[in-house]
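Here is the structure we will look at, set down as structure tokens.
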Amino acid sequence: MKQEKILVIGASGQIGVELTLALRKIYGAQNVIASDLREQNPLLEGTGPYVSMDVMNKEMLHVQVIRQNVTQIYLLAAILSATGEKNPNLAWHLNMQGLLNVLDIAREEKLTKVYWPSSIAVFGPTSPKQNCPQQTIIEPTTVYGISKYAGEFWCNYYFHKFGVDVRSLRYPGLISYKSAPGGGTTDYAVEIYHEALAEKSYTSFLEKGTYLPMMYMPDAIRATIELMEAPIEKIKVRTSYNLSAMSFSPEEIAASIQKHIPEFTMSYEPDYRQSIADSWPQSIDDSVARADWGWAPEYNLDKMTADMLTNLKSQG
Ligand SMILES: NC(=O)c1ccc[n+]([C@@H]2O[C@H](COP(=O)([O-])OP(=O)(O)OC[C@H]3O[C@@H](n4cnc5c(N)ncnc54)[C@H](O)[C@@H]3O)[C@@H](O)[C@H]2O)c1
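Per full-length UniProt numbering, residue 1 is the first one in the sequence shown, and the count goes up by one each step.
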């Protein structure tokens, strides 16, 4: 079997750190090259090779792919939903051109596989709110959602037209304790755990009753690796797979935390992120991912809360 050499672009971010560490365990530290525009995340230091790189610089990216004998790329560099609304041009430019650069190089260098995440942000106010299906009305209203939806169709195009084996998941909001979140609408569900331990109170930027699809990072990392390791004939969706684990509202995550920290209190000051959240589905139907490549989540809200609080406490 060919020795895979993986390049992770955006490795210093919320997902990138944990995905890089997980890939290094499977493929060997030297075979997984971390890269990012910003400095190496301290959690990656000493765990394997790192190169500083801008995904927008196609030539530099191409040189690295050839020089390092890269066979697979995981592209995580993007501007997220909340930051994207503040800088729509930058979000569109990075999210589109970064992907096209990677897809072009994958085609030219005949890479074995590419991973690129989409998001539940592709769905808009006209999509079904409950159990939003794989194929449905998709009319996103954020620049982030527009860029992800366009990106899905570029992936589909490169697979069918050029045979690039690019695979994708529509992640829900991701909750983790290692690397900080990068400017998404679901970031409150990470901040709340930090504040619950430090302050015993939290002010939510989303209103009571705002249900959103969410997932604990270990499930997201496992889903990503299971998708990428599935035999090619099982991957029937070439845009991006719906992926789901749990849905909850701010008061429900607060109640879950109160089971461990009874004195924890919550207040609400919704801001511009409320309208982004309101445009998305409250829950996602991922039955196609379950049927095609066997996806099943492990964490629900209470199991995640227990794990988050234990790990954050031990981090001090
Ligand atoms: N975190 C979530 O809840 C979530 C949900 C749905 C989808 N996603 C998607 O997953 C991917 C990773 O998200 P994340 O939460 O880890 O984001 P993040 O913002 O935490 O990390 C992105 C990383 O990309 C890097 N980057 C930015 N511009 C770059 C450039 N020009 N060249 C190289 N690197 C650059 C940043 O420095 C950062 O370290 C994104 O595509 C995002 O849209 C994330």
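Glycine included, each C-beta is placed from N, C-alpha and C at the ideal position.
8 Å CB neighbourhood of residue i in its chain, flanking five on each side removed
| i | result |
| --- | --- |
| A180 | Q14, V190 |
| S267 | S201, Y202, T203, S204 |
| F315 | The sequence shown places Gln at residue 315, rather than the Phe named in the question. Correct list, in chain order: Y177. |
| T112 | K2, E4, T71, Q72, D165 |
Beta-carbon proximity of residue i to residue j, cut-off 8 Å
| i | j | result |
| --- | --- | --- |
| M304 | I175 | yes |
| D285 | N242 | yes |
| I66 | E18 | no |
| N95 | I79 | yes |
| N156 | R238 | yes |
| P297 | D219 | yes |
| S240 | L169 | yes |
| I33 | V8 | yes |
| L103 | V55 | no |
| T20 | Y115 | no |
| P270 | E207 | yes |
| V122 | I105 | no |
| T142 | S81 | yes |
Classification of residue i by the beta-carbon crowding that lies within 10 angstroms, buried from 16 upward
| i | result |
| --- | --- |
| K148 | buried |
| residue 338 | The shown model of the chain, from 1 to 316, leaves out residue 338, and the question about it has no answer. |
| L76 | buried |
| R167 | buried |
| N41 | buried |
| R38 | exposed |
| E85 | buried |
| P140 | buried |
| I146 | buried |
Check: residue i C-beta below 7 Å from any heavy atom of ligand 1
| i | result |
| --- | --- |
| Y171 | yes |
| S201 | no |
| I9 | yes |
| I192 | no |
| S12 | yes |
| V55 | yes |
| I15 | yes |
| G98 | yes |
| G84 | no |
| G145 | no |
| A223 | no |
| R38 | yes |
| A34 | no |
| P181 | yes |
| T142 | no |
| P117 | yes |
| T186 | yes |
Residues of its chain near residue i, where Cβ-Cβ distance is below 7 Å and the 5 sequence neighbours each way are ignored
| i | result |
| --- | --- |
| K5 | N31, Q68, N69, V70, T71 |
| A230 | W293 |
| K313 | L197 |
| F248 | Y211, M214, L301 |
| I253 | A189, I192, L301 |
| K129 | P281, Q282 |
| A29 | T47, G48 |
| K236 | D292 |
| I232 | D165 |
Cβ-based neighbour list, residue i, same chain, cut-off 6 Å, excluding 5 preceding and 5 following
| i | result |
| --- | --- |
| S275 | none |
| M172 | The displayed chain sequence assigns Pro, not Met, to residue 172. Hits under 6 Å: I120, P213, M214, M215. |
| T152 | Checking the sequence shown, residue 152 turns out to be Glu, not Thr. S118, T239, S240, listed in sequence order. |
| F264 | A196, K200, I257, Q258 |
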